[in-house]
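J.: In order, the protein sequences belong to chains F and C. With my numbering applied, the first sequence covers 71 to 484. With my numbering applied, the second sequence covers 4 to 436. Built from N, CA and C at the ideal position, the CB exists for glycine as well. Just so you know, these numbers come straight off a predicted model, no measurement behind them.
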Amino acid sequence: MIQFERFQLDNGLTVLVHQDLHTPMAAVNILYKVGARDEDPEKTGFAHLFEHLMFGGSINIPSYDNPLQQAGGENNAFTNNDFTNYYLTLPKNNLETAFWLESDRMLSLAFSKKSLKVQKQVVIEEFKQNYLNQPYGDVYLLLKPLVYKTHPYQWNTIGKEISHIEKATMSDVKSFYARYYNPNNAVMCVSGNVQPEKVFQQVENWFGSIPSGATLDRNYPAEPEQKENRTLLVERDVPQNAMYMAWHMPSRTDENYYTCDLISDLLSNGDSSRLFQRLVKEKQLFTDINAYITGDIDPGLFIISGKLNADVDFQTAEQEIDVELTELKEHWVEEEELQKVKNKLEANLVFSEISILGKAMSLSYFEMLSKAENINNEIEKYRSVSRENIREQAQKMFAEGKKNVLYYKAKQSS
Amino acid sequence: MSTYPNRNQAPGLGSTQTLNIREPESFKLDNSIPVYLLPANQQEATRLDIVFDAGTAYQSQKLQAGAVNKLLKEGTKTKTSYEITKTLDFYGAYLEPFSGKDKAGITLFGLHKYFDKLLPLLHEIISEAVFPEEEVRLFAERKKQEFSIQFQKVRYRASLEFNEMLFGSNTAYGQKLKETDFDVLNRDLIVEFYEKHYQPAGAYFLLGGKTSSELFIQLNDTLGKLPNGQKKTFSEPDIFWKEDNELQRYITKENALQSALRIGNVTLERSHPDYPKLYLLNTILGGYFGSRLMSSLREDKGYTYGIYSSVQNFKHGNSFTIATEVNAEHTVAALKEIEKQTNLLRTKKVSEDELRTVKNYLQGSFLRYFDGPFSLADQFLKSQSLGLHFEHYKEMLEKLMQLTPEEILESAGKYLDFKKMKVLVAGKTDGLK
Numbered sequence: 071m072i073q074f075e076r077f078q079l080d081n082g083l084t085v086l087v088h089q090d091l092h093t094p095m096a097a098v099n100i101l102y103k104v105g106a107r108d109e110d111p112e113k114t115g116f117a118h119l120f121e122h123l124m125f126g127g128s129i130n131i132p133s134y135d136n137p138l139q140q141a142g143g144e145n146n147a148f149t150n151n152d153f154t155n156y157y158l159t160l161p162k163n164n165l166e167t168a169f170w171l172e173s174d175r176m177l178s179l180a181f182s183k184k185s186l187k188v189q190k191q192v193v194i195e196e197f198k199q200n201y202l203n204q205p206y207g208d209v210y211l212l213l214k215p216l217v218y219k220t221h222p223y224q225w226n227t228i229g230k231e232i233s234h235i236e237k238a239t240m241s242d243v244k245s246f247y248a249r250y251y252n253p254n255n256a257v258m259c260v261s262g263n264v265q266p267e268k269v270f271q272q273v274e275n276w277f278g279s280i281p282s283g284a285t286l287d288r289n290y291p292a293e294p295e296q297k298e299n300r301t302l303l304v305e306r307d308v309p310q311n312a313m314y315m316a317w318h319m320p321s322r323t324d325e326n327y328y329t330c331d332l333i334s335d336l337l338s339n340g341d342s343s344r345l346f347q348r349l350v351k352e353k354q355l356f357t358d359i360n361a362y363i364t365g366d367i368d369p370g371l372f373i374i375s376g377k378l379n380a381d382v383d384f385q386t387a388e389q390e391i392d393v394e395l396t397e398l399k400e401h402w403v404e405e406e407e408l409q410k411v412k413n414k415l416e417a418n419l420v421f422s423e424i425s426i427l428g429k430a431m432s433l434s435y436f437e438m439l440s441k442a443e444n445i446n447n448e449i450e451k452y453r454s455v456s457r458e459n460i461r462e463q464a465q466k467m468f469a470e471g472k473k474n475v476l477y478y479k480a481k482q483s484s
Numbered sequence: 004m005s006t007y008p009n010r011n012q013a014p015g016l017g018s019t020q021t022l023n024i025r026e027p028e029s030f031k032l033d034n035s036i037p038v039y040l041l042p043a044n045q046q047e048a049t050r051l052d053i054v055f056d057a058g059t060a061y062q063s064q065k066l067q068a069g070a071v072n073k074l075l076k077e078g079t080k081t082k083t084s085y086e087i088t089k090t091l092d093f094y095g096a097y098l099e100p101f102s103g104k105d106k107a108g109i110t111l112f113g114l115h116k117y118f119d120k121l122l123p124l125l126h127e128i129i130s131e132a133v134f135p136e137e138e139v140r141l142f143a144e145r146k147k148q149e150f151s152i153q154f155q156k157v158r159y160r161a162s163l164e165f166n167e168m169l170f171g172s173n174t175a176y177g178q179k180l181k182e183t184d185f186d187v188l189n190r191d192l193i194v195e196f197y198e199k200h201y202q203p204a205g206a207y208f209l210l211g212g213k214t215s216s217e218l219f220i221q222l223n224d225t226l227g228k229l230p231n232g233q234k235k236t237f238s239e240p241d242i243f244w245k246e247d248n249e250l251q252r253y254i255t256k257e258n259a260l261q262s263a264l265r266i267g268n269v270t271l272e273r274s275h276p277d278y279p280k281l282y283l284l285n286t287i288l289g290g291y292f293g294s295r296l297m298s299s300l301r302e303d304k305g306y307t308y309g310i311y312s313s314v315q316n317f318k319h320g321n322s323f324t325i326a327t328e329v330n331a332e333h334t335v336a337a338l339k340e341i342e343k344q345t346n347l348l349r350t351k352k353v354s355e356d357e358l359r360t361v362k363n364y365l366q367g368s369f370l371r372y373f374d375g376p377f378s379l380a381d382q383f384l385k386s387q388s389l390g391l392h393f394e395h396y397k398e399m400l401e402k403l404m405q406l407t408p409e410e411i412l413e414s415a416g417k418y419l420d421f422k423k424m425k426v427l428v429a430g431k432t433d434g435l436k
């Protein structure tokens, strides 16, 4: 159970405070409700590039990192399909430094030309390092557009291609900032060894005068129902064949989301899971295999990915996965097995709520989804999923014509 | 009414917070194994670490140490691999093997309320592991596959080769894995290593997070019964590392988009009086995001997504390493810039302003390293494996805070000589001397 207090400034900024007196530190997490799904299809990768630019100096403060380091702080950020998240930790006595830095970059950036030029290069290196310069790095660049035809989840947060990053201009940067980086489009959570009253007062002081932005009307093109299986075969210079299967699944706030998460755990969470025991250990078709969900706000993906053993062909591997899915559709899972994956989820939730930063991130995330209070109902939601729910959801999700498969073939060495 | 704050000036910093660490309490199990305690009863999670003298430095055949460590939970005299993992998963627990150059062991994470169910299982795993042939074969096969994937990455390749350059080939620390090592691995080698090294003598435990007196009793009733006195002896390796003349190694990978660079040398022992100076130098050069290397190669020139330097501690020798992956087109320029930045520390005193930033950053980092029961446990295990008192971190931080620009310049002259450092490039190598 995480306790917290909530406060909203007149400009729309939502502030949550969680006190934990066992630490000498404080954590600040700011979540802006903007992600890759908000991008122009011709200018993808922009939300993530923008995350880099947020460190290039703000209107009154030439360097973000330096003063934070002076205050003994450390920070980072990440961007995903739905939101951009900035976080830092520092000794509790220096908390106000964090408010000064964060409020200034929420007020206005410096929009330095040099920063834009350099960060474009840095992001291009990131693109190469993580997506091009390593085996299987381009899998999601290939898989997403296969599965999504209309919805913006069809591209990755890094962007569709390097050229989109190359052609970003300062005017793009400014309009993106004006549209999304506003107090009414953000959630802030302060956690750690802090006094809520004092936090509210300081936050009011530093953030209160930042003007709010226009209310956003978001309409993401819905993905039409998939009617036929889709496949894509590529050949790459990699040591082993691999396959990636994806199905559409419900949105994060749909009650069946929890069922899908449990299905992925039945299939592959832990070494006792079905796919690992049967397909890796017993039948030895794969050297490793995983089932997971993307967890996006809009309808996301249920993915099974595996690397095939040398003498196994794609057809056999796929058939065996289908056998496992058919079992979920036709037979009830044993109560004990269901209990197992629920217990594991509960433990994971406890582990994720140990650090003050983990708690600040989770609270901000649940506030964005609907309200932070829901974080304390998560276990209950998982606990209430029944065997019937599992079977029904499996039947629906893995129905005929809903499958997408990427065959990632290893080039035969000559 | 809120007043408009002065945004042009940083708010004053609060008073310095002291690092609050103490030697943990400890007790001995019936078989004399010491158990160190780092309790944090405000939470529901518990962690138990079991540590042996079983790192890679002790193996006579590559992969032995890692294989024993990873295969411990793949079967005991009475339980199959599946039964073990099913029990762990059912109680939402994680049994995580760890294996370094010096120490190896296993960490059990779980909810306190289930620990009584988990301890007997852990006891059985440690004392009665059988290493089934089939599991050994599967392990070797899977790891070989993984290795061949990793081997294609310039980053992995560079780390693998550089470790050998640093510590010398055919030494305990300088071992370099190759694909054929996986074919040699067999059950006999594994059992031999297990019987020698997973023994109570020299072992210690750490219990962190939620603890209770019941838990102490259960621990004694299980792992406290590990027989001691039947230890198979083993000897320390002959050579942990040796000096080697090879200064450059270039590995060409056609069409690589990035080159992985590693630069460094074997450096001061932790107990050396100048160690804090080296630690501070490392921080300035590449030890944090605001470091000179990061500012120059990433923030100013955009050659790389990241560059770091670090001092790595082992019981018998430390290493200093600069590591990065750069745009292949800029391989030569990046190396030159790294050399320039390293030399600059030897020729020009660090400014008071930069020194203050680094000290404040370190002050905060130390607080962060020791924040929370599990971080505390990680740090304790590290100090214990190096044979250091836990409280030495406090002394080290105090020494760091007192260093002057003159002392730093002087020690850069002694310990940061780029000309004597080993350089490894994996990727685009044309244009390199």
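Mind checking if SER18 (chain C) is an interface residue toward chain F, Cβ cutoff 8 Å exclusive?
T.: Taking Cβ atoms only, chain F reaches closer than 8 Å to SER18 (chain C), which makes this a yes.
J.: Just to confirm the assignment, what range does the alpha helix (DSSP H) spanning HIS401 (chain F) have?
T.: Unbroken run through HIS401 (chain F): none, as it is neither H nor E.
J.: Hey, could you find the ends of the beta strand (DSSP E) TYR261 (chain C) is sitting in?
T.: Looking at the sequence itself, residue 261 (chain C) is Gln, so the reference to Tyr does not match. First-last of the beta strand (DSSP E) with GLN261 (chain C): 261-270.
J.: With burial defined as no fewer than 16 other Cβ atoms inside 10 Å of the residue's Cβ, what is the status of ALA361 (chain F): buried or exposed?
T.: Label assigned to ALA361 (chain F): buried.
J.: Taking the alpha-carbon positions, what's the GLN78 (chain F) to ASP224 (chain C) distance?
T.: So the alpha carbons of these two residues sit roughly 54 Å apart.
J.: Is the shortest distance between the beta-carbon of GLY108 (chain C) and the beta-carbons of chain F less than 8 Å?
T.: False, the Cβ-Cβ gap to chain F never drops below 8 Å.
J.: Okay, do the segment 170-185 of chain F and the segment 124-135 of chain F touch, 3+ Cβ pairs below 8 Å being the bar?
T.: Short answer: they touch.
J.: Helix, strand or coil, according to DSSP, for LEU302 (chain F) in the structure here?
T.: It is a strand residue.
J.: Along the chain, where does the alpha helix (DSSP H) containing TYR247 (chain F) start, and where does it finish?
T.: From DSSP, the alpha helix (DSSP H) with TYR247 (chain F) extends over 240-250.
J.: Can you list, in chain order, the residues of its chain with a C-beta nearer than 7 Å to that of LYS280 (chain C)? Leave out the 5 residues immediately preceding and following it.
T.: Counting only Cβ-Cβ distances below 7 Å, and skipping sequence neighbours, we find LEU406, GLU410, ILE411 and SER414.
J.: What's the C-alpha gap between THR159 (chain F) and LEU16 (chain C)?
T.: Cα-Cα distance, rounded: 15 Å.
J.: Relative to the C-alpha of LYS412 (chain F), which residue among C:ALA60, C:TYR94 and C:ALA43 is closest?
T.: Out of C:ALA60, C:TYR94 and C:ALA43, C:TYR94 has the C-alpha closest to the C-alpha of LYS412 (chain F).
J.: Out of C:TYR306, C:THR324 and C:LEU226, point me to the one whose CA is closest to ASN285 (chain C)'s CA.
T.: For ASN285 (chain C), the nearest C-alpha among the options comes from C:THR324.
J.: Give me the subset of the segment 279-303 of chain C whose CB atoms are less than 8 Å from a CB atom of chain F, sorted by chain position.
T.: Listed by position, the residues of the segment 279-303 of chain C near chain F (Cβ gap below 8 Å) are TYR291, PHE292, GLY293, ARG301, GLU302 and ASP303.
J.: Residues in the same chain with beta-carbon distance under 6 Å from VAL260 (chain F), minus the five sequence neighbours each way, listed in chain order, please.
T.: Counting only Cβ-Cβ distances below 6 Å, and skipping sequence neighbours, we find VAL87, VAL98 and VAL269.
J.: What residues in the segment 190-217 of chain F have a beta carbon less than 7 Å from any beta carbon of chain C?
T.: Within the segment 190-217 of chain F, the qualifying residues are GLN191, VAL192, GLU195, GLU196, LYS198, GLN199, LEU202, ASN203, GLN204 and PRO205.
J.: Looking at C-alpha atoms only, which residue of F:GLN224, F:MET176 and F:ASN151 is the closest neighbour of GLY278 (chain F)?
T.: Ranking F:GLN224, F:MET176 and F:ASN151 by Cα distance to GLY278 (chain F) puts F:MET176 first.
J.: Over the uninterrupted alpha helix (DSSP H) stretch that includes PRO276 (chain C), give me the two end residues.
T.: Run containing PRO276 (chain C): none; DSSP gives neither H nor E here.
J.: Give every residue of the same chain whose Cβ lies closer than 7 Å to the Cβ of THR255 (chain C), excluding the five residues on either side of it in the sequence, and list them in chain order.
T.: THR432.
J.: Apart from the five residues just before and just after LEU403 (chain C), which ones in its own chain have a Cβ nearer than 8 Å to its Cβ?
T.: Hits under 8 Å: PRO279, TYR282, LEU283, LYS362 and LEU365.
J.: What separation, rounded to the nearest whole angstrom, lies between the Cα atoms of PHE393 (chain C) and ARG457 (chain F)?
T.: One C-alpha to the other measures close to 50 Å.
J.: Grouping DSSP H, G and I as helix and E and B as strand, with all else coil, what is LYS214 (chain F)?
T.: Residue state, collapsed to three classes: helix.
J.: In the DSSP assignment, what residue or residues form a beta bridge with GLU99 (chain C)?
T.: According to DSSP, GLU99 (chain C) bridges with C:THR110.
J.: At the 8 Å Cβ level, is GLY227 (chain C) part of the contact set with chain F, yes or no?
T.: No, its Cβ sits nowhere closer than 8 Å to a Cβ of chain F.
J.: Specify the secondary structure class of SER298 (chain C) as computed by DSSP and reduced to three states.
T.: Correct three-state label for SER298 (chain C): helix.
J.: By the 7 Å beta-carbon criterion, what residues does the segment 306-327 of chain C contribute toward chain F?
T.: Answer in chain order: THR307 and TYR308.
J.: Would you say SER5 (chain C) faces chain F, with C-beta separation under 8 Å as the test?
T.: Any reading at SER5 (chain C) must be qualified, since the residue scores a pLDDT of 47, below 50, and its modelled position is unreliable; the value itself is stated next. At least one chain F Cβ lies under 8 Å of SER5 (chain C).
J.: Among C:LEU229, C:ALA13, C:PHE170 and C:GLU138, which has the Cα closest to the Cα of GLY205 (chain C)?
T.: For GLY205 (chain C), the nearest C-alpha among the options comes from C:LEU229.
J.: Would the beta-carbon of ARG359 (chain C) fall within 8 Å of that of GLN140 (chain F)?
T.: Against a cut-off of 8 Å, the Cβ pair of GLN140 (chain F) and ARG359 (chain C) comes out as a contact.
J.: At a CB-CB cut-off below 8 Å, which residues of chain F make contact with SER368 (chain C)?
T.: Under the 8 Å cutoff, chain F gives GLY142 and GLU144.
J.: Could you tell me which uninterrupted alpha helix (DSSP H) segments, each at least 4 residues in length, are contained entirely in the segment 328-376 of chain C, listed from first to last along the chain?
T.: With a minimum length of 4 residues, the continuous alpha helix (DSSP H) runs that stay inside the segment 328-376 of chain C are 334-350 and 355-372.
J.: Using a cut-off of 7 Å between C-beta atoms, extract the partners of MET16 (chain F) located in chain C.
T.: No statement about residue 16 (chain F) is possible, as the shown extent of chain F runs from 71 to 484 and does not include it.
J.: Within its chain, find whatever has a CB closer than 7 Å to the CB of LEU370 (chain C); leave out the 5 residues flanking it on each side and keep chain order.
T.: The residues are GLN20 and LEU22.
J.: Who are SER151 (chain C)'s beta bridge partners in DSSP?
T.: The partner list for SER151 (chain C) (beta bridge, DSSP) is empty, contrary to what the question assumes.
J.: Is there a Cβ from chain F that is less than 8 Å from the Cβ of PHE377 (chain C)?
T.: Answer yes: the Cβ-Cβ gap between PHE377 (chain C) and chain F drops below 8 Å somewhere.
J.: Keeping to the same chain, check which residues put their C-beta closer than 6 Å to that of GLY434 (chain C); ignore five residues upstream and five downstream.
T.: Contacts found: VAL335.
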